[in-house]
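Have a look at the structure below, then the notes.
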Amino acid sequence: MPNVVAFNSAGLRAIGLTSFIPDRVCDVEIDKNEAGDLTGILRGPVTNYYTYDPFW
């Protein structure tokens, strides 16, 4: 299911995402800028309804 979510910096901190996360986890693509910092954009099955990966 192609979904897109956007987080601001406070949202990223609240869910514990940092630039150390890989660019892709299961089928979710995690956008990063040229410096490797998170942009806050995630694409793919971003809810646990569509993925059974325990990470999400």
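Going from the sequence shown to my numbering is simple: count from 1 and add 439.
Ideal placement from N, C-alpha and C gives every residue a C-beta, glycine not left out.
* Asked: What whole-angstrom Cβ distance do I485 and V467 have, given they're in contact under 8 Å?
  -> Sequence check: residue 485 is Val here, not Ile. Confirmed, about 6 Å.
* Leaving out five residues on either side along the sequence, give the residues of the same chain with a beta carbon under 6 Å from the beta carbon of D470. => T478 and I480
* **F446 to G483 span [Cα, whole Å]** => 14 Å
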